[in-house]
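Numbering that gives the first Met the number 0 puts the first residue of the sequence shown at 0, with every later residue one more than the last.
We treat Cβ as the ideally placed atom computed from N, Cα and C, and that holds for glycine.
Here the structure is laid out as structure tokens; the discussion comes afterwards.
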Amino acid sequence: MKKVFLILAVCLSTVVSVVAENEKDERTSENLALTTNVSGVVIDKITGEALVGVAVELAGTNMVAYTDFEGNFEIKGVSPGNHIMNISYISYGDENMPIEIKCNKTNKIKIEIADTEN
């Protein structure tokens, strides 16, 4: 009789575990569907040259990207809505830029910053 109860308990806990995992996967999928990507390029306002190593951060989040050799960046998993982008680069100072992120849309941004030392 103890074996029957033990087997039933194991089966029941397995079913509960599988159901809970499926619900978790569905919630995660829903959250991913509500996010989008933001990409863009950072260039020098005067020369038009791409800037390498610029930090592009969404304020209030831990989402940050650094520009590549062509000035490009991409931040993935951004929730739609109004955000502030913090752009910082040595000798260019820091700039804050308001942006609106839309879901199911290409969010490509061109950022021009000026050297503060000139």
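Hey, how far is the Cα of residue i from the Cα of residue j?
i      : j      : result
Ile194 : Ile110 : With the chain covering 0 to 117 only, the question about residue 194 has no answer from this structure.
Pro97  : Thr34  : 18 Å
Val55  : Glu116 : 20 Å
Glu48  : Asp67  : 13 Å
Tyr91  : Ala113 : 6 Å
Glu73  : Leu50  : 14 Å
Glu69  : Pro79  : 26 Å
Gly59  : Val77  : 12 Å
Leu57  : Asp43  : 20 Å
Val63  : Ile89  : 16 Å
Asn71  : Ser87  : 14 Å
Looking at residue j and residue i, is the spacing between their C-beta atoms short of 7 Å?
i     : j      : result
His82 : Ile100 : yes
Val40 : Val53  : no
Lys75 : Asn36  : yes
Opposite residue i in the DSSP bridges: which residues?
i      : result
Thr35  : Val77
Met62  : None, per the DSSP bridge assignment.
Val41  : Ile110
Tyr119 : Lying outside 0 to 117, the shown extent of the chain, residue 119 is not represented and no answer is given.
Ala56  : Note on residue identity: the sequence assigns Glu, not Ala, to residue 56. Answer is Val63 and Asn85.
Please check the pair residue i and residue j, which I expect to be a contact at CB under 8 Å, by giving their CB distance rounded to whole angstroms.
i     : j     : result
Asn85 : Asp93 : 6 Å
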